[in-house]
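The sequence shown begins at 5 in the numbering used here and counts up one residue at a time. The block underneath contains the structure these notes are about, expressed in structure tokens.
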Amino acid sequence: MRLAHLTDIHLPIPAPPRFRDLTNKRVLGYLSWRRRRRFRHQIEPLGAIVADCHKMHPDFTAISGDLTNIALESEFSEGFQWLKNHFNGESAAFTPGNHDAYVETPWARGLGRLSQFMMGDRREENASRAPNDADDFPFTRRIGDCGLVFANSSPPTAPGLATGQLGETQINRIGAELTQLGEEKKCRILVLHHPVTEGATSGRKALVDRKGLRKTLYESGVDLILHGHTHRSIWATIETKNGVRPVVGGASASHPGAHGDYRPARYNLFSIGGDADNGWRITVDTREFDPASGDVRTAETRMLLPIA
Ligand SMILES: [Fe+2]
Ligand SMILES: [Fe+2]
Numbered sequence: 005m006r007l008a009h010l011t012d013i014h015l016p017i018p019a020p021p022r023f024r025d026l027t028n029k030r031v032l033g034y035l036s037w038r039r040r041r042r043f044r045h046q047i048e049p050l051g052a053i054v055a056d057c058h059k060m061h062p063d064f065t066a067i068s069g070d071l072t073n074i075a076l077e078s079e080f081s082e083g084f085q086w087l088k089n090h091f092n093g094e095s096a097a098f099t100p101g102n103h104d105a106y107v108e109t110p111w112a113r114g115l116g117r118l119s120q121f122m123m124g125d126r127r128e129e130n131a132s133r134a135p136n137d138a139d140d141f142p143f144t145r146r147i148g149d150c151g152l153v154f155a156n157s158s159p160p161t162a163p164g165l166a167t168g169q170l171g172e173t174q175i176n177r178i179g180a181e182l183t184q185l186g187e188e189k190k191c192r193i194l195v196l197h198h199p200v201t202e203g204a205t206s207g208r209k210a211l212v213d214r215k216g217l218r219k220t221l222y223e224s225g226v227d228l229i230l231h232g233h234t235h236r237s238i239w240a241t242i243e244t245k246n247g248v249r250p251v252v253g254g255a256s257a258s259h260p261g262a263h264g265d266y267r268p269a270r271y272n273l274f275s276i277g278g279d280a281d282n283g284w285r286i287t288v289d290t291r292e293f294d295p296a297s298g299d300v301r302t303a304e305t306r307m308l309l310p311i312a
């Protein structure tokens, strides 16, 4: 099983927003995008990353949020077109980031536009497979030996904040889904936008209920956690009652070059083997855009499970 993980795509804002769309937090966000962010995220490296991802033929692609910048209706329309041009909802899924919930937006005119990429397994004929609103998460996809639980850590926040929160109800649902997947002997993968470990980001950007989540994950078990949000690669672990498990934060898939602590555009390609009884074997290739040649190459390879 090969699983690709892309995150923090931050597509360009397609057209200048209408005056009436620039409510309080969006004004600051739009100015920040005009001044800095639009130069930090570019279509060319993103195109190279996506082309490389297709070349690698993953069985499934997980995209962990921040497709947009200030959650404009036009960004969701463009975002959906972009997703549709490069992926399909049967072999890729998306879960929201804080920029996709930048301000409160009606579901149908915002994230609901991406429903085709937020499809859970169909349990009964005619049952809706996509979340009906921001509280209707997580959704779960079973792909071969793997079960992927996509959580929404991104409620709208006040200006200046990029914090995440899952809420008690969602944390309980995540625990129940992972327990069920454990009974089915799946390799259990949790996908969300915000980091779950300590020190990955500042308090202003952190998942506020990460301790509660980790407590639930300790009990339910989980085999791999994927997140985004930091725009840098994060390699961490958490404790579960079955042992230590890897946490991998993906870097942004659209950086044109290195700047400060940040690397050029990257994505992670996981190879998953083994089984629940004898232990899962997970390795990862981090594929990185080379600004000089425009090619994408393996920047590092790591063994994640069994943990050394
Ligand atoms: Fe981001
Ligand atoms: Fe983010």
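Ideal placement from N, C-alpha and C gives every residue a C-beta, glycine not left out. Computed from a predicted structure; not experimentally measured.
Simplified DSSP state of residue i, which is helix, strand or coil
| i | result |
| --- | --- |
| S176 | The displayed chain sequence assigns Asn, not Ser, to residue 176. Helix, per DSSP. |
| P1 | It is not possible to answer for residue 1, since the shown part of the chain is limited to 5 through 312. |
| T205 | coil |
| E304 | strand |
| T27 | coil |
| I17 | coil |
| H263 | strand |
| H9 | strand |
| F154 | strand |
| E243 | strand |
| F141 | coil |
| H103 | helix |
| T183 | helix |
| G164 | coil |
| L71 | coil |
| L211 | strand |
| R40 | helix |
| R126 | coil |
| L170 | coil |
| R146 | strand |
Terminal residues of the beta strand (DSSP E) in which residue i lies
| i | result |
| --- | --- |
| L273 | 270-279 |
| R218 | Unbroken run through R218 is the alpha helix (DSSP H), 214-224; no beta strand (DSSP E). |
| V288 | 283-293 |
| L194 | 191-195 |
| I229 | 228-231 |
| I67 | 64-67 |
| F98 | 96-98 |
Alpha helix (DSSP H) segment containing residue i, residue limits
| i | result |
| --- | --- |
| F84 | 77-90 |
| H58 | 47-59 |
Nearest-angstrom Cβ-Cβ length linking residue i and residue j, presumed shorter than 8 Å
| i | j | result |
| --- | --- | --- |
| L152 | A66 | 6 Å |
| M122 | F91 | So it is not a contact: roughly 12 Å between Cβ atoms. |
| I53 | A303 | That pair is no contact at about 12 Å. |
| A105 | A138 | 7 Å |
| G254 | H61 | Not confirmed; about 19 Å, so no contact. |
| A257 | T27 | Contact flag wrong, Cβ pair sits at about 28 Å. |
| C315 | K190 | In the structure as shown, the chain begins at 5 and stops at 312. Residue 315 is therefore absent and cannot be evaluated. |
| A306 | V300 | Reading off the sequence shown, one finds Arg at residue 306, where the question assumed Ala. About 18 Å separates the two Cβ atoms, so there is no contact after all. |
| F64 | L118 | F64 to L118, Cβ: 17 Å. No contact. |
is_contact[residue i, chain D] using C-beta, thresh 9 Å
| i | result |
| --- | --- |
| A296 | Protein chains in the displayed structure number just one, and chain D is not present. |
Original post:
If you measure from each residue's Cβ to the nearest non-hydrogen atom of ligand 2, which ones come out under 5 Å, in chain order?
Top reply: D70, G101, N102, H233
Original post:
Would the stretch 106-126 and the stretch 39-46 be scored as touching if the rule is three or more Cβ pairs under 8 Å?
Top reply: no
Original post:
Touch check for the stretch 208-216 and the stretch 263-277: three-plus C-beta pairs under 8 Å?
Top reply: no
**OP:** Count the CB pairs spanning the stretch 31-43 and the stretch 69-82 that are closer than 8 Å, and state whether there are at least three.
**Re:** yes
Original post:
For the 8 Å Cβ check, are there 3 or more pairs between the stretch 16-23 and the stretch 240-252?
Top reply: no
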